[in-house]
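Position 86, counted from 1, in the sequence shown is what the UniProt record's numbering calls 86; the numbers after and before it change by one each time, with no gaps. The structure under discussion appears below in the form of structure tokens.
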Amino acid sequence: MSSKDTTPPSSTGSTERQICRHWQSSKSNWRKHKSCSTMICSSPETFVDHGITTTLKPVAKTLRQLFRQMSGVRRNERNRIAIDVSGLEAKSVKYGSSTSLCNHEEARLVVELVTEVLAYEPTFDPKDKDKFARVLPSNIGIISGCKGQMRLIWSLLQQAGNEIVEIKTFYFITVIGVGGQSM
């Protein structure tokens, strides 16, 4: 594959993983990472160093308990929440003087959720004390599609009194588009 090739590799199995790793580490257009099936379909073992267990860790049990109590949350027994806000007040605007977008309503909901998760006290039978744990800031990851949204969320977390919160806000850039518009 030449360094100018921006088409994702189309092989399978471990060869595809090797090609994708090479492609990621090279200076080629890695921004099209969503086209690489390894990023989408890879085994979770890739990310947890073969440390998959069948029992839930205490924080996972606490999150599951909290999410079950939330009304309107669609449950699939995974400890993840996706927030997609729509409506007139929930529109994307430019963040500050940058070209990156942010959605104030969505960011506000993320901060509310983080605050609620951090404040949640799990309920359990005293004999199960070691099976539950409070959620710490280091247990939370926030994924945003825009750098402006990342900055807005971080700013709102600080305004909410979470200056010492260690929440990691990740973002990715997607340049794949249709008709000149980002997807």
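All residues carry an ideal CB built from backbone N, CA and C; glycine is no exception. Keep in mind the model is a prediction, meaning the values are calculated, not measured.
Three-state secondary structure (DSSP) of residue i
| i | result |
| --- | --- |
| S92 | strand |
| L101 | strand |
| A133 | coil |
| T38 | For T38, the pLDDT reaches just 46, beneath the cut-off of 50, and the residue's location in the model is therefore unreliable, leaving the point undetermined. |
| C121 | Here residue 121 turns out to be Glu, not Cys, going by the sequence shown. Looking at E121 - three-state DSSP - the assignment turns out to be coil, as it is neither helix nor strand. |
| V114 | helix |
| S86 | coil |
Neighbour-count burial assignment, residue i, 16 or more Cβ in a 10 Å radius
| i | result |
| --- | --- |
| G96 | exposed |
| I83 | exposed |
| S100 | buried |
| R68 | exposed |
| P126 | exposed |
Start and end residues, alpha helix (DSSP H) containing residue i
| i | result |
| --- | --- |
| I143 | From DSSP, I143 is part of no alpha helix (DSSP H) but of the beta strand (DSSP E) over G141 to S144. |
| G148 | K147 to Q159 |
| F67 | P58 to Q69 |
CB of residue i within 8 Å of CB of residue j, strictly
| i | j | result |
| --- | --- | --- |
| L63 | V135 | yes |
| V111 | I81 | no |
| K94 | G145 | no |
| L66 | A107 | no |
| A160 | T123 | no |
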